[in-house]
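Remarks on the structure that follows.
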Amino acid sequence: MAAPAATKIILEQDGIFIHSLSARAEDHESLVSGFLRIIQKDGDIMVEYKPLEDAVDPSNMLCAGKDSSSVVEWTHCPGDKPHRPVEPQHSYETEWDMVNTVSFKKKPYANGEGVLNHTHERSKWAFFFNVNDLKSIKVKEEGWSYLVFRLKDDTLLPALHFHQGGSDAFLDCLRRYVLLTECPSDESSLMVCSHSKALSQSFENLLDDTTFGLVQKFKKDPYTTTLGGFSKVTNYIFDAFRGPELEQQQRPAEEVADLLNEVIPGLEINQQEEPGFEVITRIDLGRRPDVERGDPVSAEDWAEHMDSEGRVRNVPHLKKLIFKGGLCHAVRKEAWKFLLGYFPWDSTRDERKNLQKRKTDEYFRMKLQWKSVSEEQEKRNSRLRDYRSLIEKDVNRTDRTNKFYEGPDNPGLILLHDILMTYCMFDFDLGYVQGMSDLLSPILYVMENEVDAFWCFVSFMDQMHQNFEEQMQGMKTQLIQLSTLLRLLDLAFWNYLESQDSGYLYFCFRWLLIRFKRELTFHDVLRLWEVMWTGLPCQNFHLLVCCAILDSEKQKIMEEHYGFNEILKVKLRRLRCSSDYLSTETVSLSE
């Protein structure tokens, strides 16, 4: 008997029930308890459900054939005998090995494919399937949550009820291997698409009627079109991932390949690698242009953009100057309030004074809320107590080498603590999450004012909120987008990372979470943040910064053959990764 294939359990959840009707119980529901797993077998990602009482019974098992990804039902025929005795199995592969050691007759479907017949009153359900065979998932969250899997051949598997919770954790784990998007026609269903297919389809649809104008613009003026459209690359690709549920009529593959090669020289398309769609195997982005940084915006430059009443004039031009050269430190205290959205660009000086007065009153009302909580009250408020404990720990280790925060009983540390506690009152649902002190520290350093720093921090957190939410959906989305972007910009490097199980770029997690705060020197962070706050050339500019950092580290990683563990521990070489260097390299990448 062949040794079972290597299997890795990625996720296992128990307390998963199937509610089945039992004739013996007069059509009352009977509960079948089992556990759900996501596993890796022979390089494939599989989902398996196994009832607890189905330890070695293969008599009613749903399984995928070795030479097919389709799901079939096997039924042990009473008259059949095994060709040989069944050997006891102690590995995780028990149920899978049993299919190979016992002779069964395949039970026919009632209507061809896709309908499963369950003849036992209390069937001992067991099934597994490849995630690439999954078409959609119906999700019900009220009460006991449950998931219903529909496969690509329209097979509908029994509903799995999560009596102990955990359906969200299961879906989050599944998102590492497939893309889950909300169905346009049914909000309770998620459509499933594999990562590789989604990327390929996004290019295959590049020349449909709605996007053909983009190619025409590229043909007439490639430089302007590339620069102007680069901000939309990531959104464009992910919009393509969420394509309509029904298949669209598409141009013949040969025609698409010919047109793409004509208008985008250097594009190589492999139509044989994946039957059914074309794969972009290489994109020649050409020579990277040289980019020079400008001078920082001075106090005189800033004043020239103000009218007599204090309104900022020609905001787009001013943002371009900031993007190219940053701000001199004397201007930051005022300019950051505009860049972060605390001050409206078209507000007058008088309007801003009135705004600050209202915001000051509002801030101290919120601060009084937590200041007035007694020790007895706090003992009965575990969330506030936990927030305070986390804040005190983080504040005492945030930028302690900076003169603004160094030394015991530093007033800067007290302000840092008070602002973070007040933010818990402002957004109690989010409260405080580790890393938020890193986002506040540079803002407080620049503002040197408790109230202004708080409201600028609030505006910054409006942008960063999803990074710190419990489900961390914002972080997951950014990592997927970054992986896609790196694959477009440097396929060879992306392939190397993928070969080292690092294609999802989890080692970039901290870069994105706190916007490179711990990767750069403190003053480089000030420069890089104000450049990113301009919103130029796109809202996802920070992803391009990540690509610039990876580009600076690529040679070392590949030449020294970094493996998974070494890549996770990669540290940036600060001499090369200054804010000016990153800004220059990032703009060069975007152009």
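Heads up: the sequence shown begins at 227 in our numbering, then just goes up one per residue. Note that beta-carbon positions come from the ideal geometry of N, C-alpha and C, so glycine has one too. These numbers come from a predicted model, not from an experiment.
Taking all protein chains shown into account, do 16 or more other C-beta atoms lie within 10 angstroms of the C-beta of residue i, making it buried, or fewer, making it exposed?
{"i": "His691", "result": "exposed"}
{"i": "Phe654", "result": "exposed"}
{"i": "Met784", "result": "exposed"}
{"i": "Ser709", "result": "buried"}
{"i": "Ile235", "result": "exposed"}
{"i": "Leu712", "result": "buried"}
{"i": "Ala352", "result": "buried"}
{"i": "Leu547", "result": "buried"}
{"i": "Leu257", "result": "exposed"}
{"i": "Trp571", "result": "exposed"}
{"i": "Lys332", "result": "For Lys332, the predicted structure reports a pLDDT of 37, less than 50, and the residue's modelled location is therefore unreliable. The matter cannot be settled from this model."}
{"i": "Asn766", "result": "buried"}
{"i": "Asp576", "result": "exposed"}
{"i": "Glu833", "result": "Coverage of the chain is limited to positions 227 through 817, which leaves residue 833 absent and any answer about it impossible."}
{"i": "Asn602", "result": "Note on residue identity: the sequence assigns Glu, not Asn, to residue 602. Its Cβ having fewer than 16 others within 10 Å, Glu602 is exposed."}
{"i": "Asn721", "result": "exposed"}
{"i": "Glu526", "result": "exposed"}
{"i": "Ser349", "result": "Here Ser349 scores only 49 on pLDDT, less than 50, and its place in the model is too uncertain to base an answer on."}
{"i": "Gly260", "result": "buried"}
{"i": "Lys619", "result": "exposed"}
{"i": "Gln239", "result": "buried"}
{"i": "Asn580", "result": "exposed"}
{"i": "Asp306", "result": "Any answer about Asp306 is weak, because its pLDDT of 42 lies below 50 and its placement is not dependable; what the coordinates show is given next. Burial call: exposed."}
{"i": "His787", "result": "exposed"}
{"i": "His387", "result": "buried"}
{"i": "Gly638", "result": "buried"}
{"i": "Thr624", "result": "buried"}
{"i": "Glu413", "result": "exposed"}
{"i": "Pro515", "result": "exposed"}
{"i": "Leu262", "result": "buried"}
{"i": "Lys782", "result": "exposed"}
Over the uninterrupted alpha helix (DSSP H) stretch that includes residue i, give me the two end residues.
{"i": "Thr586", "result": "Arg575 to Lys597"}
{"i": "Asn791", "result": "Phe790 to Leu794"}
{"i": "Lys545", "result": "Val541 to Gly551"}
{"i": "Phe683", "result": "Glu676 to Phe694"}
{"i": "Phe353", "result": "Looking at the DSSP string, Phe353 is not in any alpha helix (DSSP H); the run it does join, the beta strand (DSSP E), is Phe353 to Asn356."}
{"i": "Gly761", "result": "Note, Gly761: premise wrong, no alpha helix (DSSP H); not H, not E."}
{"i": "Leu711", "result": "Gln699 to Leu715"}
{"i": "Arg558", "result": "His555 to Leu565"}
{"i": "Ile783", "result": "Phe767 to Glu785"}
{"i": "Leu738", "result": "Phe735 to Leu739"}
Determine, using beta carbons only, whether residue i and residue j come nearer to each other than 8 Å.
{"i": "Ser667", "j": "Leu642", "result": "yes"}
{"i": "Gln704", "j": "Leu738", "result": "yes"}
{"i": "Phe646", "j": "Tyr631", "result": "In the sequence under discussion, the amino acid at residue 646 is Leu, which differs from the Phe named in the question. Not in contact: Leu646 and Tyr631 (Cβ atoms no closer than 8 Å)."}
{"i": "Val677", "j": "Phe652", "result": "no"}
{"i": "Leu769", "j": "Gln699", "result": "no"}
{"i": "Val523", "j": "Gly551", "result": "yes"}
{"i": "Asp212", "j": "Phe790", "result": "As shown, the chain starts at 227 and ends at 817. That puts residue 212 outside it, with no answer to give."}
{"i": "Trp596", "j": "Leu616", "result": "no"}
{"i": "Arg754", "j": "Phe735", "result": "The residue asked about is misnamed: residue 754 is Leu in this sequence, not Arg. Not in contact: Leu754 and Phe735 (Cβ atoms no closer than 8 Å)."}
{"i": "Arg401", "j": "Lys702", "result": "yes"}
{"i": "Ile363", "j": "Val273", "result": "no"}
{"i": "Phe686", "j": "Leu670", "result": "no"}
{"i": "Trp370", "j": "Leu566", "result": "no"}
{"i": "Glu695", "j": "Leu656", "result": "yes"}
{"i": "Trp528", "j": "Val672", "result": "no"}
{"i": "Thr648", "j": "Lys583", "result": "no"}
{"i": "Val357", "j": "Ile271", "result": "yes"}
{"i": "Leu397", "j": "Glu408", "result": "no"}
{"i": "Gln697", "j": "Asp394", "result": "yes"}
With which residues is residue i paired in a DSSP beta bridge?
{"i": "Ser411", "result": "Answer is none; Ser411 lacks a bridge partner."}
{"i": "Cys419", "result": "Leu405"}
{"i": "Ile235", "result": "Ile265"}
{"i": "Asn721", "result": "BP columns for Asn721 are empty, so no partner."}
{"i": "Ser246", "result": "Ser256"}
{"i": "Ser663", "result": "Looking at the DSSP assignment, Ser663 forms no beta bridge with any residue, so it has no partner."}
{"i": "Met532", "result": "Val538"}
{"i": "Leu360", "result": "Leu377"}
{"i": "Val517", "result": "The partner list for Val517 (beta bridge, DSSP) is empty, contrary to what the question assumes."}
{"i": "Val757", "result": "Val757 is not bridged to any residue."}
{"i": "Val523", "result": "Leu553"}
Got a sec, what are the start and stop residues for the beta strand (DSSP E) residue i sits in?
{"i": "Met272", "result": "Asp270 to Pro277"}
| message | Please give the ranges of any alpha helix (DSSP H) in the stretch 599-636, keeping only runs that are unbroken, at least 4 residues long and fully inside the region. | response | As far as the stretch 599-636 is concerned, its whole alpha helix (DSSP H) runs of at least 4 residues are 601-605 and 608-621.
| task | Can you check the stretch 367-398 for any beta strand (DSSP E) of at least 3 residues that lies completely inside it and give the ranges in chain order? | result | Within the stretch 367-398, the complete beta strand (DSSP E) runs of at least 3 residues are 371-377 and 386-388.
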